[in-house]
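Going from the sequence shown to UniProt numbering is simple: count from 1 and add 1.
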Amino acid sequence: TDLSHIRNFSIIAHIDHGKSTLADRLIHLCGGLSDREMQEQVLDSMDIERERGITIKSQTVRLDYTAKDGKTYQLNLMDTPGHVDFAYEVSRSLAACEGSLLVVDSTQGVEAQTLANVYQAIENNHEIIPVLNKADLPASEPERIQQQIEDVIGIDASGAVLVSAKTGLNCDEVLEAIVTTLPAPTGDRDAPLKALIVDSWYDPYLGVMILVRIVDGTMKRGMKVTFMNTQTEHQIDQVGCFRPKMEKLAELAPGEVGYFTAAIKSVADAAVGDTVTETKKPATTALAGFKPSTPVVWCGLFPVDAADFEDLRDALGKLHLNDASFHFEPESSAALGFGFRCGFLGLLHLEIIQERLEREYNLDLITTSPSVVYKLHMNSGDLQELHNPADMPDVTKIDFIEEPWIKATIMVPDEYLGPVLQLCTERRGEQIELTYVGARAMAVYRLPLNEIVFDFYDRLKSCSRGYASFDYEVDEYRESDLVKVSILVNAEPVDALAFIAHRGQSESRARQVCSRLKDLIPRQLFKIPIQGAIGGKVIARETISAMRKDVTAKCYGGDITRKKKLLEKQKAGKKKMRQFGKVEIPQSAFIAALKMG
Ligand code: GTP
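Next comes the structure, spelled out in structure tokens:
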């Protein structure tokens, strides 16, 4: 297709503002979907995504749209992941387009997540079309939201399109606006091939599929290509696009978006952000902005049943085929036996992988306390990275420790601002900015990452009745007075429960964990002390008193079936327990004990 007839765009929206519904509607209008198919949402495909109503993996669709000028345009809709953990993938999708639709729920208004993505789009020189969605609802306030977009984001919203993605009202106007206001891509067909890897995923039949935006040159079947950052070579098997069904094409030309396959086995070999060029006629420079993905949150995953270790290894390997951003390496722990140390982009990412392992691979797992990566400056002058609190070396050998900080943007209605600010202060936050946008406050804070990895987001939601929105980026490493707190159950240290905390908070955290564990660990026939300690010094202590009666005692010996049920339940519960010396700790205790607040 002639470059002037191509438009590449992404949709930026806060969760639940209607991105998927609008995408489906646009696909439907361009004939890519039948009425029946329209019933099911096409773009969000993973189960967990659908259940949680968030987009994790991006998908892209090519549409043919015949505009009012009578010409047919190729529209490439790039779906972007909708969660802070996947900010880098978002940035690459945006780099592959010339414009964005900014979808805002006209009954709600602008949210923090939207802001972060809009600013990224602006940085990528995007032309932005505001789309005010949910016009069918009586609570829709298009004028107010349009004004808010101008005030908060500072873009001209006079061309905003008011639509209902649900009923289809005005959705054709969105397509028309894409054609008339977004710029066409530029590119040189005769220059050496340069293509940006936007996404990659594993297909059981075709192997790794790679989504690219062609910047210059053309990509064809049989061509030998080099990935410029990873310096690997591959031969292209197939090129094509999604409409949304997969369709093979003869070539991908400048400005176009599509996929290729090249007998690649693991997505780790096709890093998002890398540049693909032709091996025999290579480009001189790679596209800017490549960043290898680095996990920010680490934890240990151990099978409850040691016999499941090999199954866990297999399952992690399979998941890794499809998700190069999560890392795993074997680890052994005195208490938990053999398992894996795993790195994730954030807590949601961790939960997704953990859930998939349990659901799709039927594994019972113990997840150890999540930890960020600390930098240890040793007396010897060495710099060590600490991924696991249990590996903390002798403190006398450490000169100082640094921890990662983030910059967070929180938007919240005025009436919930008090508790939100208090939460940020509790978590060692430093306020950078507090401004108002209508009745909404926007607070920008610097916070230590380790203060938000456990439950910051949940707490934020609950103290604002779900109204606060949150977005963050990793900022810098800073020196901090940090200590390792060990947890001892019945005088035995439980590695998996050890955590790193700021000295000023170590005592209250240790007390919280001990008191939680007291409720989480079932009573036994003997007394169990639970202690929190820094080095040899005990800073918190609880005791679980001995159990006096046997579990069936409460049935008064009467009802046999109830008694049986109770015993069965206890047996099932056992499966999810882990033996520590003489004490059994339920799986649920590991994470629950570490949640703060
Ligand atoms: P993520 O995939 O999590 O980013 O969410 P999303 O932005 O894709 O939202 P989605 O399209 O799933 O829509 C969220 C909810 O809003 C769904 O229940 C939709 O049915 C509903 N919705 C979307 N558009 C409209 C609309 O125009 N009017 C009304 N009344 N509801 C809508």
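Backbone N, C-alpha and C define an ideal beta-carbon position, used for all residues, glycine too.
- Comparing alpha-carbon positions, the option among 151, 235, 259 and 280 lying closest to residue 267 turns out to be 235.
- Collapsing the DSSP output to three states places residue 354 in a helix.
- Sixteen is the threshold: since fewer than 16 other Cβ atoms of the shown chains lie within 10 Å of the Cβ of residue 360, the residue is exposed.
- Here the alpha carbon of residue 289 sits roughly 20 Å from the alpha carbon of residue 11.
- Cα atoms of residue 443 and residue 433: separation of roughly 11 Å, rounded to the nearest angstrom.
- Cβ atoms of residue 304 and residue 351 stay farther apart than 8 Å, at about 17 Å.
- If you draw a 10 Å sphere on the C-beta of residue 391, you find 16 or more other C-beta atoms in it, and that means buried.
- DSSP, reduced to helix, strand and coil, places residue 217 within a strand of the structure shown.
- Taking 6 Å as the cut-off, one finds at least one heavy atom of the ligand GTP near enough to the beta carbon of residue 16.
- With respect to the 7 Å criterion, residue 301 and residue 342 are classified as neighbours on the basis of their beta carbons.
- Rounded to the nearest whole angstrom, the CA to CA distance from residue 330 to residue 313 is 12 Å.
- Counting along the chain, residue 100 sits inside the beta strand (DSSP E) bounded by residues 100-106.
- At least one heavy atom of the ligand GTP sits closer than 6 Å to the Cβ of residue 22.
- Judged by DSSP in its simplified three-state form, residue 24 adopts helix.
- Linking residue 310 to residue 318 through their CA atoms gives a straight-line distance of about 12 Å.
- As the crow flies, the alpha-carbon of residue 97 is around 11 Å from that of residue 61.
- The residue from 263, 87 and 225 with its alpha-carbon nearest to that of residue 203 is 263.
- Across the structure, residue 177 and residue 132 are spaced so that their CA atoms are roughly 13 Å apart.
- When DSSP states are grouped into helix, strand and coil, residue 118 belongs to the helix group.
- Straight-line measurement puts the Cα of residue 168 at about 25 Å from the Cα of residue 114.
- At least one heavy atom of the ligand GTP falls within 6 Å of the beta-carbon of residue 165.
- Remark: the C-beta of residue 135 is in contact range of the ligand GTP, defined as less than 6 Å to any heavy atom.
- From the listed residues 182, 280 and 502, the smallest Cα separation to residue 5 is found for 182.
- In this structure, residue 240 and residue 259 form a Cβ contact; the two beta carbons are roughly 6 Å apart against a cut-off of 8 Å.
- Remark: C-beta atoms of residue 348 and residue 514 do not approach each other more closely than 7 Å.
- The DSSP-derived three-state label of residue 204 is strand.
- Collapsing the DSSP output to three states places residue 321 in a helix.
- The Cβ-Cβ distance between residue 541 and residue 528 does not fall below 7 Å.
- C-alpha of residue 130 to C-alpha of residue 223: approximately 39 Å in a straight line.
- With contacts defined by Cβ atoms closer than 7 Å, residue 77 and residue 93 do not form a contacting pair.
- For the pair residue 583 and residue 491, the Cα-to-Cα distance works out to about 8 Å.
- By DSSP's assignment, residue 479 forms a beta bridge with 404.
- Here the alpha carbons of residue 19 and residue 136 stand approximately 12 Å from one another.
- Nearest Cα to residue 400 within the set 345, 475 and 480: 480.
- Residue 30 and residue 505 have their alpha carbons spaced roughly 59 Å apart.
- Here residue 284 has 193, 195 and 278 as same chain residues with Cβ atoms under 6 Å from its own Cβ, once five neighbours each way along the sequence are excluded.
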